[in-house]
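Protein sequence lines correspond, in order, to chains A and B. Counting from 1, one number per residue, gives the positions in the first sequence under my numbering. Counting from 1001, one number per residue, gives the positions in the second sequence under my numbering. Every residue gets a Cβ at the ideal spot worked out from N, C-alpha and C, and that includes glycine. Please read these numbers as outputs of a predicted model, since none were measured by experiment. What follows is a single structure, written as structure tokens, with notes after it.
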Amino acid sequence: MRRPRLLYVPFWATYLFLYAPIAVLVFMSFNSGDSPYSFEGFSLKWYGELAGNAEIRHGLVNTLVVALGATVLATVLGTLLAVGMARHSRSKLLDAVSVLPAVLPDLVLAIGLLVFYGMIKMTLGLHSVLLAHTVFGMAFVAAVVRTRLTHADTSLEEASRDLGAGPVTTFLRITLPQLAPGIAAGALLAFTLSVDEFVIAFFTAAPTEPTLPIVIYSMVRFGVTPEINALATLLLAVSFTVVIVAQRMTRLTESLS
Amino acid sequence: MTRSTVSGAAAASRSRRSRALGRLVFLGPGLTYLIVLLLIPLALVLSYTLFRRGRFGGVVYEATGENFTRLFDPLYLDVILGSLRLATIATVIALLVGYPTAYLIAMLPRKWKTVALVAIVLPFWTNFLVRIYAWIVLLSGPGLVNSTLGELGLGPFEFLYNQGTIVTGLVYSYLPLMVLPLYAAIEKLDPQLREASANLGARPARTFVSVTLPLTLPGVVTGCLFVFVPSFGNFIIPELLGGGRSIMVGNLIRDQFLKARDWPFGSTLALALIAVLVVLLLLQAWSARRA
């Protein structure tokens, strides 16, 4: 197939557009000067400053607590829900409700939960963010596990029943192992989304317990320091590594199966 | 069936009971969670649109329609229409940039295809705020673009804090969501169709307009929706790149909840936001059914 030459212009322009700001950010993180914008010389001093920043460390710990808790809760609830929807229900309404958190604008879910927490007079804290992140995490886990279930072989479950295994044994020893890759993928997705999530956390977190995105937001919004360049570079490095490793792993499992 | 009817009936009732139990065990927890932390909160927001604001925030349960009439106050209507405009411009630009890119990716050899696609998605998996912040660093007064222009004896320019920067930020953030569905649609296309069109004497432009574009239209619609939806309700990009004024409906909603403490009106704005998105989703479903 002939590739039109002219298309290479917007093609490379797209990649330049996507990566130029990121490249500048990484470059500026090694700045020795005090301005986050103009480069003076090479240094790692902002990485040192970053390591000593208590506010960022607090935010990071909060984010990890929320993301881990929400992932565990979302994975259990989402997996059960996916199995329930695939094997025990034909309700279209239930299908729609289960994907709603994934398609609803985050701002709407955020104000809904803020109003709800206010209504039941629940004090805000890390738990309120954790419960909120579970809502959309669960939707993604359920969606991923469910696609896995539709490909799963039901005859194995039937064989297990015919051989006298009860529903609990069948679920634990036949259904669950078949779903394991889907559950792992869903959990990873829920975790990544929670770590990155800002809008819902911004509305449901207590001011004294900000998550990392909230800390970044206030750093960008009020008084930028070059530390944020270093932090951004580290976050980029982590996400790039995770994405590339995940890509390799899926290719590995694909080639094995 | 070698079973006797009696034990058959017992087995049937047992299986019915285990079925109900299964439903309870599997669907119960998730469904309860969704009802309590999704449906009830949404119902609350919906009901607030009908009530009056309390003097110190909160809600007074007196029915009123004034939230909806306020929606048409030029002050707020301008913001809603302005958001529609900015989100539409961002969507169109993302389509114009994304289509040729997706087209070329679909034509690449298999090995490079994966690399090109991963490279499109990669920025999307990095923190949203970090990506927006990168633009501030790039475009700010003493930033790289201005200092480069300064070397050439130009500027400095104020690139930040206008509607153009907001659109740039929106396109930058959601471009991958445009490219992916377009790529999927173009990739599926049978190359023989284009060859047939060319063999019948159509020029490349004609082939594109009459063959390629109509057949990839569902991908175009999905991509546009994926960019428009998060753009329309966005409040971070207008705030960080637009200079912090309430210029998009997302900012307005945020302010009603966190600053003005007018929850009923904030809820009404959120309902307007959802209404626009529902209309778009219905249009997409309709176009997908026609395709």
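Check	Outcome
Proximal residues of chain A, C-beta to C-beta of A1134/B below 8 angstroms	P21, I22, V24, L25, A232
Buried versus exposed call for M119/A [16 or more other C-beta atoms within 10 Å across all chains shown]	exposed
Local conformation of V1127/B per DSSP, three classes	The question names Val, but residue 1127/B is Asn in the sequence shown. Looking at N1127/B - three-state DSSP - the assignment turns out to be coil, as it is neither helix nor strand.
Closest by C-alpha distance to V76/A, when choosing among I244/A, P177/A, R148/A, M138/A	M138/A
Sub-8 angstroms separation of S1083/B and V1279/B beta-carbons	no
Near the ligand FMN: G164/A beta-carbon under 7 angstroms from a heavy atom	In the structure on display, the ligand FMN does not appear, and there are no ligands present to speak of.
Cβ of G84/A within 8 angstroms of any chain B Cβ	yes
Limits of the unbroken alpha helix (DSSP H) element including R161/A	154–162
Within chain B, the residues that D196/A reaches when beta carbons sit closer than 7 angstroms	N1127, F1128
Collapsed DSSP secondary structure at R90/A in the structure displayed	coil
Within-8 angstroms CB hit, V1221/B to chain A	no
Residues near I1080/B by beta carbon distance below 6 angstroms, same chain, minus five either side	V1249
Buried versus exposed, by CB contacts within 10 Å (16 or more), R1017/B	exposed
Sequence-distant residues of its chain with Cβ nearer than 6 angstroms to T134/A (five each side left out)	A70, L73, A74
Interface residues of the region 154–171 of chain A facing chain B [CB-CB below 7 angstroms]	P167
Counterpart residues of N31/A in DSSP-defined beta bridges	F42/A
Test: I1236/B CB closer than 8 angstroms to a CB of chain A	yes
Whole beta strand (DSSP E) elements within the region 171–248 of chain A, 3-residue minimum	none
Any C-beta of chain A under 8 angstroms from that of I1274/B	yes
Delimiting residues of the alpha helix (DSSP H) encompassing A1202/B	Counting along the chain, A1202/B falls outside any alpha helix (DSSP H), and DSSP gives it neither H nor E.
Neighbour flag for Q247/A against chain B, beta carbons, 8 angstroms	yes
Close beta carbons around G33/A, own chain, < 8 angstroms, minus the five adjacent residues each side	F39, E40, G41, P226
Minimum Cβ-Cβ distance from M122/A to chain B less than 8 angstroms	no
Within-8 angstroms CB hit, P207/A to chain B	no
Inter-stretch contact at 8 angstroms, needing at least 3 Cβ pairs: the region 175–182 of chain A / the region 1200–1216 of chain B	no
Residue interval of the alpha helix (DSSP H) (run including E1299/B)	Since the displayed chain B opens at 1001 and closes at 1291, residue 1299/B lies outside it and no answer follows.
Cut-off 8 angstroms between Cβ atoms - residues of its own chain near K1259/B, not counting five sequence neighbours on either side	none
Under the three-state DSSP convention, the category A139/A falls into	helix
H133/A at chain B interface by Cβ criterion, 8 angstroms	no
Nearest residue (CA-CA) to P1264/B, options G1223/B, T1088/B, G1028/B, G1065/B	G1065/B
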